[in-house]
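Report on one structure; see the data block that follows.
2 protein chains.
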Amino acid sequence: MISTRFSIAAVERDTGLSKDVLRMWERRYGFPLPERDANGERAYPAAQVERLRQIKRLMDQGHRPGKLLALPVEALAALAPRQTRSTRSEHIAEDVHGLEDLLLLIKQHDANAYTQALQQRLARHGMQRFVQDIVAPLTQYVGEAWEDGRIEVFEEHLFTELTKRVLRQAMTALPAGLGSPRVLLTSVPEEQHVLGLLMVEALFALEGAECIPLGTQMPLTEIARAAQAHQADIVALSFSTAFPHRQIPPQLEQLRQLLAPETELWVGGSGIHRVTPPAGVKFFSSLKAGVQSLTERAQKKHPEAGAFLHMPLPGAAD
Amino acid sequence: MISTRFSIAAVERDTGLSKDVLRMWERRYGFPLPERDANGERAYPAAQVERLRQIKRLMDQGHRPGKLLALPVEALAALAPRQTRSTRSEHIAEDVHGLEDLLLLIKQHDANAYTQALQQRLARHGMQRFVQDIVAPLTQYVGEAWEDGRIEVFEEHLFTELTKRVLRQAMTALPAGLGSPRVLLTSVPEEQHVLGLLMVEALFALEGAECIPLGTQMPLTEIARAAQAHQADIVALSFSTAFPHRQIPPQLEQLRQLLAPETELWVGGSGIHRVTPPAGVKFFSSLKAGVQSLTERAQKKHPEAGAFLHMPLPGAAD
DNA sequence: AAACCTTGTTTGTCCTAGACAAATTACGAA
DNA sequence: TTCGTAATTTGTCTAGGACAAACAAGGTTT
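Here the protein sequences come in this chain order: A and B. When you read off a place in the first sequence, starting at 1, and then add 146, the result is the number in our numbering. When you read off a place in the second sequence, starting at 1, and then add 146, the result is the number in our numbering.
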């Protein structure tokens with residue numbers, strides 16, 4: 147195959163680095179330094195795109211572009227993740243073997259076996275423990291594997307897609323919500339990870355909340371409209387680590403302004419570490435914390451209905 | 147509420163119009179003409195964002211920006227869709243009442259009732275007819291309602307999310323594929339509509355194909371890697387009407403280059419109308435055509451196994 | 001009238017290069 | 001160490017120019 151070259155737009159799509167950033171890096175650091183096509187426009191060779199992808203991955207781990215771009219190609223592969231993540235899955239280390247087994251099925255591209263393995267665990271543990279003790283740690287584990295480059299993008303996609311299916315299927319078996327509180331679940335544009343939202347939905351639905359799943363990538367103005375139309379008590383958002391940290395607070399402030407003051411805004415996901423919540427926005431660093439807050443809220447509003455609700459959750463989860 | 151203003155990045159997210167386009171329109175047509183914040187940067191009032199959203203919708207119907215941007219605000223609302231779409235759902239007009247009923251449930255924001263109605267129809271008609279006669283026309287109907295502004299963005303999201311669930315749930319009941327052909331289903335970045343892919347998957351799985359669902363928004367290079375890793379015989383992509391037409395051929399050419407020559411590239415979805423397929427890429431203008439092509443392909447490769455396969459499908463669908 | 005080619009207009013994307021604020025690090029003092 | 005300040009890094013915004021591809025309009029031929 148002779149040199150497939152990529153336009154700047156194609157590189158933006160493939161790496162997630164904006165055109166502005168690509169041009170700026172070229173100006174400042176001399177990399178990437180694309181060839182030019184007949185029209186004088188940038189034409190990136192596949193090798194540069196590959197290196198950019200690698201750099202992006204390392205940046206998501208906390209490395210700084212200035213260092214990475216100065217580094218020779220060979221040095222990149224040897225770089226270890228930087229200690230941004232607190233403790234890095236120590237709390238799941240106990241059961242790491244079970245997770246490893248599941249991940250192995252994905253890496254063997256055996257979709258059917260993976261699905262069956264998940265369903266088996268679901269049947270054995272029940273919904274709540276399945277979500278908290280299996281899916282949540284597994285998702286985190288996969289996220290870390292992705293950051294370390296131990297898993298391909300398409301393997302992560304397959305994992306997400308299959309896990310989503312099992313979760314959704316399990317949820318259809320759940321009884322309808324009590325009608326209160328009404329929780330609207332979604333994510334902002336650019337944030338396409340939905341697994342976190344599904345886990346929250348599963349646990350919230352177990353607690354009797356009325357969940358309104360809107361999928362991902364809702365424009366802020368539309369989130370506000372939806373909250374009004376559905377008379378939502380709570381809007382729940384999720385941010386993954388892949389989401390650019392710096393954009394989180396301004397977006398939340400904007401959404402807070404657009405929402406009715408009495409609508410609560412709950413935010414979770416692995417992307418909110420080290421981010422400080424704006425006024426009027428509640429951050430939850432774990433699934434457990436979110437569910438607990440929901441039960442407390444319910445007891446405050448309808449103390450007599452407390453009998454419906456499960457006890458605060460035992461065990462750790464994220 | 148005091149004038150919430152939007153940065154150019156926020157407008158890009160909310161409307162889907164690129165920063166370049168926003169600036170160019172301002173230069174050429176004098177709209178949008180945002181205010182400036184303390185740093186001299188564009189700050190769009192909510193009213194302008196709203197009008198931009200409306201303009202975008204009309205453009206997706208085939209109107210030209212030059213005309214729209216010259217028009218006064220009041221004239222916009224009165225504009226009818228331009229006849230780009232061939233015949234516009236005449237072929238579903240017969241059963242339009244059943245569809246209208248379903249859509250009504252969505253517009254009443256009654257998620258549970260909608261889900262139940264769908265499940266009831268699935269049970270009554272069986273998978274194949276459910277997909278072809280209910281889900282496909284309904285999706286098209288909703289798409290047209292969206293283009294006409296008769297449905298809100300968040301209503302469309304809710305529709306998609308709930309319909310996805312019913313379809314996926316139904317598919318888990320299907321037996322595993324025969325192992326051949328192996329079909330990899332996904333979509334390119336920027337293309338987040340997944341319903342079309344799910345419908346294809348459902349029908350292909352019925353025919354015994356081994357489906358590998360990777361969700362949406364896969365970078366082209368990753369699609370190629372996945373096809374290789376999974377030894378896919380066919381890569382199936384879907385483009386919705388929302389996807390910018392002009393970007394389709396170059397992206398397909400690029401992907402065609404990245405894929406092994408023996409891997410087939412099948413493309414469908416409402417977005418490919420009036421687009422000419424590049425060499426080595428097969429376009430399917432309807433679900434039916436895709437399924438038919440699959441059965442013919444199977445008979446060519448394994449004539450003796452023909453007994454497994456269903457007859458070519460009766461009835462129309464898209 | 002329908003199919004075709006040619007010409008002019010519209011429109012999106014890419015280009016360069018400068019500026020600056022916010023985030024991060026480095027440094028020095030308490 | 002812990003804190004506050006200065007220096008640096010880094011992403012995003014701005015301006016206007018250029019151009020090719022898409023599209024409409026008009027004229028010619030079948």
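Every residue gets a Cβ at the ideal spot worked out from N, C-alpha and C, and that includes glycine.
Bridge-paired residues (DSSP) for residue i
i        : result
A/Ile358 : A/Leu330
A/Val413 : A/Leu383, A/Phe429
A/Tyr260 : None; A/Tyr260 has no bridge partner.
A/Pro191 : A/Arg151
B/Arg182 : B/Arg188
Same chain, Cβ closer than 6 Å to residue i, neighbours up to 5 away in sequence not counted
i        : result
A/Pro423 : Phe429
A/Val334 : Gln397
B/Gly325 : Glu356
A/Leu264 : Val312
A/Gly417 : Phe385, Ser386, Thr387, Phe389
B/His339 : Ser386
B/Leu343 : Leu331, Ser384
B/Glu399 : Pro424
Among the options, the one whose alpha carbon lies nearest that of residue i
i        : options                                : result
A/Gly244 : A/Ala221, A/Leu352, A/Glu307, A/Val281 : A/Val281
B/Arg420 : B/Leu163, B/Gly208, B/Leu308, B/Ile297 : B/Gly208
B/Pro211 : B/Phe177, B/Ala156, B/Arg267, B/Leu343 : B/Phe177
B/Trp171 : B/Gln194, B/Thr285, B/His376, B/Pro395 : B/Gln194
A/Pro321 : B/Gly354, B/Thr261, B/Leu341, B/His376 : B/Thr261
A/Val437 : A/His255, A/Pro327, A/Thr332, A/Leu268 : A/Pro327
B/Thr332 : B/Glu298, B/Ile380, B/Tyr287, B/Arg296 : B/Ile380
A/Leu251 : A/Asp279, A/Leu284, A/His271, A/Val277 : A/Leu284
B/Gln377 : B/Ala351, B/Phe350, B/Pro407           : B/Pro407
A/Val288 : A/Glu301, A/Ile394, A/Val277           : A/Glu301
B/Trp412 : B/Leu433, B/Gln393, B/Arg392           : B/Leu433
Interface residues of chain A facing residue i [CB-CB closer than 9 Å]
i        : result
B/Val299 : Met364, Pro365, Thr367, Glu368, Arg371, Ala372
B/Gln315 : Arg311, Arg314, Gln315, Thr318
B/Asp160 : Pro335, Pro365, Leu366, Thr367, Glu368
Amino acids of chain B, ordered along the chain, whose beta-carbon sits closer than 7 Å to that of residue i
i        : result
A/Gly272 : In chain order: nothing, as chain B lies at least about 19 Å away.
A/Leu257 : Looking at the sequence provided, one finds Ala at residue 257 of chain A rather than Leu. Per Cβ cutoff of 7 Å: Ile358.
A/Glu353 : Simply none; closest approach about 17 Å.
A/Ala378 : None at all; the shortest Cβ gap to chain B is about 10 Å.
A/Ala322 : Asn258
Chain-ordered neighbours of residue i on chain A, where CB pairs are closer than 7 Å
i        : result
B/Gly361 : His303, Thr306, Glu307
B/Ala156 : Gln400
B/Gln194 : The premise fails here: B/Gln194 is roughly 12 Å from chain A at the closest Cβ pair, so nothing lies under 7 Å.
Proximal residues to residue i (C-beta, below 8 Å), its chain only, five neighbours per side dropped
i        : result
A/Gly223 : Rather than Gly, the amino acid found at residue 223 of chain A in this sequence is Ala. Once the five neighbours on either side are set aside, the close Cβ partners of A/Ala223 are Gln200.
A/Ala257 : Leu304, Leu308
B/Leu404 : Leu366, Thr367, Ile369, Ala370
A/Met205 : Pro211, Leu214
Cβ-based burial, residue i [other Cβ within 10 Å; buried from 16]
i        : result
B/Lys310 : buried
A/Met345 : buried
B/Glu337 : buried
B/Val219 : exposed
B/Gln254 : exposed
B/Gly452 : Reliability fails at B/Gly452, whose pLDDT of 44 lies under 50, so the model's placement of it is uncertain and the value that follows must be treated cautiously. Flag for B/Gly452 reads exposed.
A/Thr318 : exposed
A/Gly461 : For A/Gly461, the predicted model reports a pLDDT of 39, less than 50, meaning its position is unreliable; a value from the coordinates is still stated below. So A/Gly461 counts as exposed.
B/Pro359 : buried
B/Asp166 : exposed
B/Asp183 : exposed
A/Asp160 : buried
B/Ala221 : exposed
A/Gln445 : exposed
A/Pro353 : For clarity, residue 353 of chain A is Glu in the given sequence; the question names Pro instead. Buried, by the Cβ-count rule.
Chain A residues whose Cβ lies nearer than 8 Å to that of residue i
i        : result
B/Thr150 : Gln400, Gln403, Leu404
B/Glu410 : None at all; the shortest Cβ gap to chain A is about 18 Å.
B/Gln200 : Near B/Gln200 there are no residues of chain A at all, since even the closest Cβ is about 13 Å away, more than 8 Å.
Check: residue i C-beta below 7 Å from any heavy atom of the ligand FMN
i        : result
A/Leu179 : For the structure depicted, the ligand FMN is absent and the ligand set is empty, with no information on it obtainable.
Chain B residues whose Cβ lies nearer than 9 Å to that of residue i
i        : result
A/Ala375 : His255, Glu298, Phe300, Glu301
Spatial neighbours of residue i in its chain, beta-carbon cut-off 7 Å, leaving aside the 5 residues before and after
i        : result
B/Leu174 : Checking the sequence, you will find Arg at residue 174 of chain B rather than Leu. Contacts found: none.
A/Gly162 : Lys202
A/Arg275 : none
A/Leu179 : Glu172
Neighbour list for residue i in chain B, Cβ cutoff strictly below 8 Å
i        : result
A/Gln438 : Chain B residues near A/Gln438: none, gap ~26 Å exceeds 8 Å.
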